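Residue numbers (the working numbering), protein chains in the order written: chain B, 13 to 304; chain U, 3 to 432; chain Z, 18 to 358.
Note that CB positions come from ideal geometry on N, CA and C, so glycine has one too.
All values derive from a computational prediction rather than experimental measurement.
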Amino acid sequence: MPTTVAQSLVSGILVGALYGLAAVGLSLVFGVTKILNVAHGELLMLGGYASFWLFTLLGVDPFGGIPLSMFALVLIGLIMYQLFFSRLIKLPTEDKIRNSLLIGFGLGLILQNIALRLWTADNRGITTAYAGATFTVLGVRLPYVRVASLVIAFVFLLALQLFLRRTYIGKAIRATAQDWEAATLMGINVHGIYRLSFVLGAALAGAAGTLVAVGYSVEPVMGMHWTLKSLIVLVMGGIGSIAGTLVGGLILGVTESAAAIWISNYRHVIGLAIFILVLLIRPQGLFGAKEG
Amino acid sequence: MRTGKAVVVITVLLIGALVVSCGPQTATPTQAPPTVAPTKAPPTAAPTQAPPAPEYIEFGASIPLTGKYGALGAMVKPGYEIAVADINAQGGVYVAEYGKKIPIRLTIYDDESDPTKAVSKLESLYAEQKVVVYLGGAASDMHAATAAVAEKNKVPYLGIAFALYSIHQQGYRYLFSPFPKSPAQARDVFEILNASIPKGERPTKVAIFQETTDWGIELGNLWKENAPKYGYEVVVYETYAPRAEDMSAMILKAKEAGAETLLTVPSPPDGITMVKQMAELGWTPKFTLMIRAPENVAWGETMGKNGDYVTIFPGWHYAVNFPGVDELNAKYQAQFGRPADLLTGPAYACVQIAAAGIEKAGTLDRDAIRDAIAAIQMMTVVGPVNFNTDGTGNVLNPLVQWQNGKQELVWPPEHATAPLAYPAVPFDQR
Amino acid sequence: MTAKKGISLALLVAGVAALWLVPSMGVSDSLLNLLILMFIYTMLASSWNILGGYTGQVNLGHAAFFGLGTLVARILYTGGRPLFLALLAACVVPVAFSMLIGIPAFRLRLRGDYFTIGTLALSQILYITIGNVLPKITYLPIADIQNYQLGPRYHIILASALFTIGVAYALVKSRLGLGMVAVRENEDAAESLGINAFAHKLLALAVSAFLGGLTGGAYAYYQTSYYFNYTFSPPWSLEPVTMTFIGGVGTIHGPVIGAVFFVLLKEWLVMKVGEYHLIIFGVLFLLVVLFLPGGLVEAWERIRRVFTHRPAGKIVLSPSAEGSDLSGNSLASERKEVPMI
Numbered sequence: 013m014p015t016t017v018a019q020s021l022v023s024g025i026l027v028g029a030l031y032g033l034a035a036v037g038l039s040l041v042f043g044v045t046k047i048l049n050v051a052h053g054e055l056l057m058l059g060g061y062a063s064f065w066l067f068t069l070l071g072v073d074p075f076g077g078i079p080l081s082m083f084a085l086v087l088i089g090l091i092m093y094q095l096f097f098s099r100l101i102k103l104p105t106e107d108k109i110r111n112s113l114l115i116g117f118g119l120g121l122i123l124q125n126i127a128l129r130l131w132t133a134d135n136r137g138i139t140t141a142y143a144g145a146t147f148t149v150l151g152v153r154l155p156y157v158r159v160a161s162l163v164i165a166f167v168f169l170l171a172l173q174l175f176l177r178r179t180y181i182g183k184a185i186r187a188t189a190q191d192w193e194a195a196t197l198m199g200i201n202v203h204g205i206y207r208l209s210f211v212l213g214a215a216l217a218g219a220a221g222t223l224v225a226v227g228y229s230v231e232p233v234m235g236m237h238w239t240l241k242s243l244i245v246l247v248m249g250g251i252g253s254i255a256g257t258l259v260g261g262l263i264l265g266v267t268e269s270a271a272a273i274w275i276s277n278y279r280h281v282i283g284l285a286i287f288i289l290v291l292l293i294r295p296q297g298l299f300g301a302k303e304g
Numbered sequence: 003m004r005t006g007k008a009v010v011v012i013t014v015l016l017i018g019a020l021v022v023s024c025g026p027q028t029a030t031p032t033q034a035p036p037t038v039a040p041t042k043a044p045p046t047a048a049p050t051q052a053p054p055a056p057e058y059i060e061f062g063a064s065i066p067l068t069g070k071y072g073a074l075g076a077m078v079k080p081g082y083e084i085a086v087a088d089i090n091a092q093g094g095v096y097v098a099e100y101g102k103k104i105p106i107r108l109t110i111y112d113d114e115s116d117p118t119k120a121v122s123k124l125e126s127l128y129a130e131q132k133v134v135v136y137l138g139g140a141a142s143d144m145h146a147a148t149a150a151v152a153e154k155n156k157v158p159y160l161g162i163a164f165a166l167y168s169i170h171q172q173g174y175r176y177l178f179s180p181f182p183k184s185p186a187q188a189r190d191v192f193e194i195l196n197a198s199i200p201k202g203e204r205p206t207k208v209a210i211f212q213e214t215t216d217w218g219i220e221l222g223n224l225w226k227e228n229a230p231k232y233g234y235e236v237v238v239y240e241t242y243a244p245r246a247e248d249m250s251a252m253i254l255k256a257k258e259a260g261a262e263t264l265l266t267v268p269s270p271p272d273g274i275t276m277v278k279q280m281a282e283l284g285w286t287p288k289f290t291l292m293i294r295a296p297e298n299v300a301w302g303e304t305m306g307k308n309g310d311y312v313t314i315f316p317g318w319h320y321a322v323n324f325p326g327v328d329e330l331n332a333k334y335q336a337q338f339g340r341p342a343d344l345l346t347g348p349a350y351a352c353v354q355i356a357a358a359g360i361e362k363a364g365t366l367d368r369d370a371i372r373d374a375i376a377a378i379q380m381m382t383v384v385g386p387v388n389f390n391t392d393g394t395g396n397v398l399n400p401l402v403q404w405q406n407g408k409q410e411l412v413w414p415p416e417h418a419t420a421p422l423a424y425p426a427v428p429f430d431q432r
Numbered sequence: 018m019t020a021k022k023g024i025s026l027a028l029l030v031a032g033v034a035a036l037w038l039v040p041s042m043g044v045s046d047s048l049l050n051l052l053i054l055m056f057i058y059t060m061l062a063s064s065w066n067i068l069g070g071y072t073g074q075v076n077l078g079h080a081a082f083f084g085l086g087t088l089v090a091r092i093l094y095t096g097g098r099p100l101f102l103a104l105l106a107a108c109v110v111p112v113a114f115s116m117l118i119g120i121p122a123f124r125l126r127l128r129g130d131y132f133t134i135g136t137l138a139l140s141q142i143l144y145i146t147i148g149n150v151l152p153k154i155t156y157l158p159i160a161d162i163q164n165y166q167l168g169p170r171y172h173i174i175l176a177s178a179l180f181t182i183g184v185a186y187a188l189v190k191s192r193l194g195l196g197m198v199a200v201r202e203n204e205d206a207a208e209s210l211g212i213n214a215f216a217h218k219l220l221a222l223a224v225s226a227f228l229g230g231l232t233g234g235a236y237a238y239y240q241t242s243y244y245f246n247y248t249f250s251p252p253w254s255l256e257p258v259t260m261t262f263i264g265g266v267g268t269i270h271g272p273v274i275g276a277v278f279f280v281l282l283k284e285w286l287v288m289k290v291g292e293y294h295l296i297i298f299g300v301l302f303l304l305v306v307l308f309l310p311g312g313l314v315e316a317w318e319r320i321r322r323v324f325t326h327r328p329a330g331k332i333v334l335s336p337s338a339e340g341s342d343l344s345g346n347s348l349a350s351e352r353k354e355v356p357m358i
């Protein structure tokens with residue numbers, strides 16, 4: 013029994029890191045541009061299919077192919093932004109959020125059905141030669157594939173954090189997120205920053221999608237599920253906080269896995285309930301700074 | 003001014019409704035929706051005696067082509083289309099009342115996997131196309147909703163791709179399903195195991211992973227009930243809600259209890275997650291019956307070697323040795339590059355049964371067709387079919403197993419393409 | 018003007034009477050079904066619009082109200098209780114539930130976007146929980162199905178739809194309705210004028226839940242069978258938003274037009290373009306959101322303006338402007354850039 017509990021918690025951590033990576037793109041975009049892209053789950057789906065194609069058509073290893081699927085998502089994100097979301101950036105915040113919701117729905121519907129035509133409704137996934145291989149630590153089995161996903165999630169989140177803290181562009185992004193008017197006055201090209209953030213968010217969704225395709229499976233209707241998970245993590249962790257997003261994802265993953273030991277039917281409900289409590293008690297998120 | 007707007011509203015409502023409802027009604031019979039099977043009318047038969055025959059026998063289907071059941075609908079649709087084309091190539095169905103063969107015209111609508119829309123589609127097929135037979139879509143909740151429409155409109159309804167037995171316990175008279183149901187699936191698995199594995203080597207410790215859906219519960223309970231009768235012991239009975247990212251808790255319990263058989267009915271995403279995690283956690287049941295998720299041909303590609311040894315009760319397999327199957331496979335091959343999919347055969351059989359029912363009734367009267375189908379005894383691509391009073395069909399329930407990335411027919415032996423591979427090789431030794 | 022108003026009123030009554038008489042005109046069940054779908058979607062959109070359109074609280078969990086309505090009505094009705102009682106309970110239970118959400122959320126002045134995400138999460142909780150507790154298909158009793166008559170169902174659903182529109186109209190035209198719009202436009206300013214924002218938001222939520230529940234009750238009475246949790250699924254939350262926006266948000270007739278258009282367009286597309294209908298629908302929806310922020314109502318006003326040569330300034334285009342000087346003025350100045358919810 014103790015190993016079962018330990019194994020379940022480890023599984024929760026492995027899932028949680030993926031939740032964090034899935035959410036961080038949404039969080040970044042929302043934090044900087046105030047665009048709430050509910051088609052984020054669909055971007056994840058496209059990332060998953062991109063690596064699926066790379067793997068089955070060209071034999072590219074899914075982990076090695078992450079840059080390629082991210083690149084594909086950069087292009088898609090750029091098109092989505094230029095055609096649709098860029099029209100919203102001048103709106104007041106509340107309207108921007110609401111209208112981006114609507115555009116997200118529309119885009120989600122379109123992307124789902126395009127995916128259905130391209131890849132059919134079958135569930136697709138990637139099983140590499142080393143899938144299922146594990147190593148054991150203190151009686152707990154650790155699958156290489158999922159540990160690799162964990163490491164990749166950490167690396168991406170760390171890289172993003174460093175990018176935002178240490179580079180000039182990163183600082184410009186943060187400045188824009190804090191106060192876009194002041195940022196404009198400082199000579200920052202706010203429109204460019206918005207576009208960059210959106211595209212960066214899409215690329216991160218592409219990476220997360222690849223990991224979903226490796227660890228689970230992708231299908232055209234998966235978007236809503238992952239958008240919802242990302243939203244929960246986003247609000248739990250605090251908008252725009254990279255570390256918070258990661259911790260939020262880990263908390264969600266571990267809670268769900270722990271819940272699964274005793275009340276497996278309600279694993280999703282547990283996550284949602286925690287989310288609503290956080291919303292009511294600490295709306296700025298567990299790690300978000302109090303907004304002025 | 004404000005009432006003016008209200009008037010506009012009401013007018014729009016009325017006009018709109020009239021436009022849509024009148025459109026199809028006045029449409030010429032040759033205009034058909036785009037998803038209609040390309041059923042060419044045979045060279046026009048010479049005008050004969052008797053009452054003027056209708057130009058077509060109208061069949062209608064509402065199938066989930068988009069949405070969550072799209073993968074199932076995609077296997078069902080070609081089955082209907084090929085069957086109708088085959089019958090029409092022979093000139094159609096002979097209807098005694100008119101003394102001639104009349105071709106079938108099949109109208110197919112997409113219902114987006116949404117029961118509300120499916121109901122509205124069937125109503126429209128009834129009102130506009132005046133269909134004499136409904137062909138069902140896929141998945142139990144869709145059938146439950148649409149079979150009720152058939153009951154209301156008193157149109158015979160043939161549906162496959164659902165094993166839920168409780169639908170048949172509602173007293174529906176017009177619903178017929180030439181497809182194996184839960185009681186058969188719950189019984190046959192143990193009978194097949196006992197028949198093909200010598201006593202002492204049987205995987206008698208059973209784990210059941212039950213999805214909390216009505217079918218999952220129905221089948222889970224039946225398995226639990228049947229197991230002791232055949233000398234099996236259920237050591238783990240776990241429930242889970244659909245769409246779980248992490249099934250480790252369940253799998254570990256089964257592993258600790260030393261379970262040797264896994265019985266479960268996961269949806270495709272859950273089935274994939276389940277097997278991936280079983281491999282990672284190092285639990286290889288000697289025998290796995292996993293209905294639903296591995297039915298799709300994409301399973302092999304998605305799971306690779308880990309997908310092997312899993313067995314399914316799919317309702318049909320392209321290798322069954324019945325008349326017409328080879329021709330169906332050839333046509334499917336030409337269109338899709340592989341032999342017919344698991345649900346395509348049963349779908350084809352639905353059309354065969356409906357056509358035979360019409361021929362036997364000798365009329366296009368729906369009640370007469372219903373009675374004829376209820377009493378039918380015939381050979382189809384799914385084998386011999388007859389129906390019980392609750393509309394369930396007595397049909398073959400073949401067991402299929404994934405071996406080397408292929409779906410092999412392993413039971414019954416007279417149809418089998420390969421013997422049952424048992425016990426399963428542990429995941430890490432494949 | 019009064020004469021014109023009289024004519025309009027007479028036309029309205031005639032229109033309603035005509036709708037009422039449709040089943041006795043010997044039309045097909047398919048037309049009745051189509052109309053019933055329009056009525057149900059009209060109710061769904063109109064009930065959402067009271068909170069989302071007039072009070073500016075975007076609720077992405079309307080399925081919770083609709084679903085609770087279907088659940089309660091279905092259990093009572095198939096349990097042999099009278100229809101009236103079932104429908105009444107379908108209205109009351111969602112109101113009670115809405116108070117559980119509304120009181121903490123509005124008391125804490127939860128940010129609008131958090132309210133939106135929170136309602137989405139709540140409806141998901143109900144969706145999953147109902148799926149676990151009642152994982153069954155619900156059927157109308159077989160006797161009901163074999164003798165299923167659309168006529169009486171049509172009339173009850175039409176009456177419910179008229180009731181919904183009537184309640185929305187009466188509420189919006191009342192002082193309370195003006196207060197709701199004021200809260201939407203500027204909560205702080207409204208409070209400084211003595212408007213109790215909390216009470217107004219809560220009232221709008223309650224009415225929205227009540228009518229959403231009624232919609233569910235009507236659906237439960239109409240639909241022969243479905244999974245109990247199906248009516249809690251996300252489309253029932255997203256579609257009212259979609260329809261209201263297509264029609265014109267924050268107006269009485271917008272949701273009606275949106276719902277009619279939504280049903281007809283989908284019906285038409287599915288027949289014309291088969292499997293591609295959802296892609297085309299999505300594109301059309303995006304076009305409306307981007308280029309017709311006021312929805313079809315605004316498009317209609319623009320067209321009418323062209324024909325009547327009225328100066329633009331006099332016509333209040335903003336979806337919310339109807340009947341309120343306060344919001345009309347505040348919006349007219351910035352209507353170019355504000356597609357309001």
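Using the Cβ count rule (16 or more neighbours within 10 Å means buried), how would you classify residue i?
i: Leu170(B); result: exposed
i: Val167(B); result: exposed
i: Ala122(Z); result: buried
i: Tyr142(B); result: exposed
i: Leu214(U); result: According to the sequence as given, residue 214(U) is Thr; it is not Leu. Result: buried.
Give the C-beta separation of residue i and residue j to the nearest angstrom, bearing in mind that I take them to be a contact with Cβ-Cβ under 8 Å.
i: Ile115(B); j: Leu303(Z); result: 6 Å
i: Trp56(B); j: Val163(B); result: One point to set straight first is that residue 56(B) is Leu, not Trp, in the sequence displayed. Not quite, the Cβ-Cβ distance comes to about 19 Å (not below 8 Å), so this is no contact.
i: Val383(U); j: Gly326(U); result: 5 Å
i: Lys154(U); j: Tyr165(Z); result: 4 Å
i: Leu366(U); j: Ile375(U); result: Not a contact, Cβ separation roughly 13 Å.
i: Pro205(U); j: Thr263(U); result: 4 Å
Practice prompt. Closer than 8 Å, Cβ to Cβ, to anything on chain B: give me those residues from the stretch 113-134 of chain Z, in chain order.
Written response: Using a CB distance below 8 Å, the part of the stretch 113-134 of chain Z facing chain B consists of Pro121, Ala122, Leu125, Leu127, Arg128, Gly129, Asp130, Tyr131, Thr133 and Ile134, ordered along the chain.
Discussion item. Under 8 Å, with one C-beta from each stretch per pair, do the stretch 169-181 of chain Z and the stretch 227-239 of chain Z reach the 3-pair mark?
Written reply: The stretch 169-181 of chain Z is in contact with the stretch 227-239 of chain Z.
Fill in: Interface positions of the stretch 279-307 of chain Z facing chain B (Cβ-Cβ less than 8 Å), listed along the chain
Interface annotation for the stretch 279-307 of chain Z against chain B: Glu292, Tyr293, Leu295, Ile296, Phe298, Gly299, Val300, Phe302, Leu303, Val306 and Leu307, criterion Cβ-Cβ distance under 8 Å.
Worksheet item: Residues in the stretch 99-122 of chain B with C-beta within 8 Å of chain U's C-beta atoms, listed in sequence order?
Response: Residues of the stretch 99-122 of chain B with a Cβ closer than 8 Å to any Cβ of chain U: none.
Worksheet item: At what residue ranges does the stretch 48-118 of chain U contain a whole run of the alpha helix (DSSP H), taking only runs of 4 or more?
Response: Every alpha helix (DSSP H) of 4 residues or more that sits fully in the stretch 48-118 of chain U is shown, in chain order, as 72-91.
Item to complete: Would you list, in chain order, the members of the stretch 214-242 of chain B that have their beta-carbon closer than 8 Å to a beta-carbon of chain Z?
Response: From the stretch 214-242 of chain B, only Met236 and Leu240 have a Cβ closer than 8 Å to chain Z.
Discussion item. Measuring CB atoms only, is the stretch 174-185 of chain U touching the stretch 149-157 of chain U, in the sense that at least three cross pairs come out at less than 8 Å?
Written reply: Taking a cut-off of 8 Å for Cβ pairs, the stretch 174-185 of chain U and the stretch 149-157 of chain U touch, as three or more such pairs fall below it.
Worksheet item: Counting only runs that start and end within the stretch 99-186 of chain B, where is the alpha helix (DSSP H) found for 4 or more residues in a row?
Response: Here the runs fully enclosed are 105-131 and 156-178.
Worksheet item: Which residues, in order along the stretch 272-291 of chain B, keep a beta-carbon less than 8 Å from a beta-carbon of chain Z?
Response: Asn277, Tyr278, His280, Val281, Leu284, Ala285, Phe287, Ile288 and Leu291: these are the residues of the stretch 272-291 of chain B whose beta carbon lies less than 8 Å from some beta carbon of chain Z, given in chain order.
Worksheet item: In chain order, which continuous runs of the beta strand (DSSP E) of length 3 or greater are located wholly inside the stretch 30-83 of chain Z?
Response: For the stretch 30-83 of chain Z, not one full-length beta strand (DSSP E) segment reaches 3 residues or more.
Worksheet item: Is the stretch 50-65 of chain Z in contact with the stretch 199-211 of chain Z, if contact means three or more CB pairs nearer than 8 Å?
Response: Output reads no: the stretch 199-211 of chain Z does not touch the stretch 50-65 of chain Z.
Practice prompt. Report the residue ranges of all beta strand (DSSP E) runs contained in full by the stretch 180-252 of chain U; include only those spanning at least 3 residues, in chain order.
Written response: Entirely contained in the stretch 180-252 of chain U, the beta strand (DSSP E) runs reaching 3 residues are, in chain order, 207-213 and 235-242.
Worksheet item: Does the pairing of the stretch 348-364 of chain U with the stretch 184-199 of chain U give three or more beta-carbon distances under 8 Å?
Response: Short answer: they don't touch.
Fill in: Residues within the stretch 71-86 of chain Z neighbouring chain B, beta-carbon criterion of under 7 Å
Within the stretch 71-86 of chain Z, the residues whose Cβ lies closer than 7 Å to some Cβ of chain B are Val75, listed in chain order.
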